[in-house]
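S.K.: The structure that follows is given in the form of structure tokens.
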């Protein structure tokens, strides 16, 4: 864990977003965390150390309802977290960006790439989970769970990561307005998707679907045999950093 106090940004929506920023050369590398994760995870900290070692600008932050940011998780949805990301990028960064999105952060980074393509110098996703509210949660619900979502406004799902995961009706309905695999998804910059074959949370088929659906001239999917959803073994972390370096170099050469 980082011992220094984080800084905070208050968004136009009034949400208090915690972040940590490292100065250095551009493009700015920005880490976007996963669902019920935060900016203090192994991958974010490894990238921050890499940025310091290589003199690169780096930013990590907690979406609202996550980590040290304000709000509660149950009140949030993909649209809120995408707003948080957009505000952070607009207010705390300048110039070209390389986004590194983990799981839900992969979905958010794709939304950011669609919203601000002019700022994108590259994209790296790790076990990206685009459209998971629809293709994961809703598609996997039983009829009883779907009924409970309508009557109670939420469903509690068992989780391997601690307390039950609360999925709200708002999260499902809002997610349908943010889907990226149903409409064209141009990614006209160096793009790398990383995916473990032993991921029990995001199946390999999601990565293959994303690769097939997205449009771009410099796009690659790397499958890592035996890697799980955390993607945090030393070799996984080294691959993340080297992939970010590859994307930056490809952008510089373009």
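In UniProt numbering, the protein residues as written are 1 to 254. We put the CB at the ideal spot given by N, CA and C, even for glycine. Owing to the predicted nature of the structure, the values given are computational and were not obtained by experimental measurement.
Can you check whether the CB of residue 215 is closer than 8 Å to the CB of residue 187?
M.R.: Yes, the Cβ-Cβ distance between residue 187 and residue 215 is below 8 Å.
S.K.: Within its chain, find whatever has a CB closer than 6 Å to the CB of residue 194; leave out the 5 residues flanking it on each side and keep chain order.
M.R.: Excluding residues within five positions, the ones whose Cβ falls inside 6 Å are 126, 222.
S.K.: Might you give, ordered along the chain, the residues of its own chain that have their beta carbon closer than 6 Å to the beta carbon of residue 259, omitting 5 neighbours on each side?
M.R.: The chain is shown only over 1 to 254; residue 259 falls outside these bounds and no answer can be derived.
S.K.: Quick one: residues in its chain with C-beta nearer than 6 Å to the C-beta of residue 226, no 5 flanking neighbours on either side, listed in chain order?
M.R.: Closer than 6 Å at the Cβ level, and outside the excluded window around residue 226, lie 198.
S.K.: Can you tell me which residues form a DSSP beta bridge with residue 61?
M.R.: Answer is 19, bridged to residue 61.
S.K.: Are the region 24 to 38 and the region 55 to 66 in contact at 8 Å, needing three or more beta carbon pairs?
M.R.: Contact between the region 24 to 38 and the region 55 to 66 is present, because at least three Cβ pairs lie under 8 Å.
S.K.: For the beta strand (DSSP E) that residue 125 lies in, which residues bound it at each end?
M.R.: Note, residue 125: beta strand (DSSP E), 120 to 126.
S.K.: Does the region 242 to 251 come within contact of the region 89 to 101, defined as at least 3 CB pairs closer than 8 Å?
M.R.: Touching, yes.
S.K.: Assuming residue 169 contacts residue 154 (C-beta within less than 8 Å), just tell me the rounded distance between them.
M.R.: That pair is a contact at about 7 Å.
S.K.: Per DSSP, what kind of secondary structure is residue 156 in: helix, strand or coil?
M.R.: Looking at residue 156 - three-state DSSP - the assignment turns out to be strand.
S.K.: What is the DSSP secondary structure of residue 139, counted as helix, strand or coil?
M.R.: Looking at residue 139 - three-state DSSP - the assignment turns out to be helix.
S.K.: Ignore the nearest five residues each way along the sequence and tell me which others in residue 31's own chain have a CB closer than 6 Å to its CB.
M.R.: Here the set comprises 44, 47, 60, 100.
S.K.: Whole angstroms are fine: how far does the CA of residue 167 sit from the CA of residue 157?
M.R.: Approximately 7 Å, taken between the alpha carbons.
S.K.: By Cβ distance below 6 Å, which residues in the same chain neighbour residue 21 in space, the five residues on each side in sequence not counted?
M.R.: Answer for residue 21: 59, listed in chain order.
S.K.: Which ranges would you report for the beta strand (DSSP E) in the region 69 to 122 if only whole runs of at least 3 residues count?
M.R.: Correct list: 97 to 102.
S.K.: With distances taken between CB atoms, is the gap from residue 92 to residue 9 smaller than 8 Å?
M.R.: Going by C-beta atoms, residue 92 is nearer than 8 Å to residue 9.
S.K.: Would you list the one or two residues that DSSP bridges to residue 221?
M.R.: Beta-bridge pairing links residue 221 to 193.
S.K.: Run through the DSSP bridge pairs and tell me what residue 29 is partnered with.
M.R.: Per DSSP, 58, 98.
S.K.: Just tell me which of 124, 85, 184, 176 has its CA closest to the CA of residue 16.
M.R.: When only C-alpha atoms are compared, the closest one is 85.
S.K.: With the cut-off set at 8 Å, would you say residue 106 and residue 190 are in Cβ contact?
M.R.: Going by C-beta atoms, residue 106 is not nearer than 8 Å to residue 190.
S.K.: Helix, strand or coil: how does DSSP classify residue 9 here?
M.R.: DSSP places residue 9 in strand when its eight states are reduced to three.
S.K.: On a CA-only basis, which of 163, 115, 42 is nearest residue 74? Give me that one, please.
M.R.: Nearest option by C-alpha distance: 163.
S.K.: At which residues does the alpha helix (DSSP H) containing residue 243 begin and terminate?
M.R.: Counting along the chain, the alpha helix (DSSP H) containing residue 243 begins and ends at 234 to 253.
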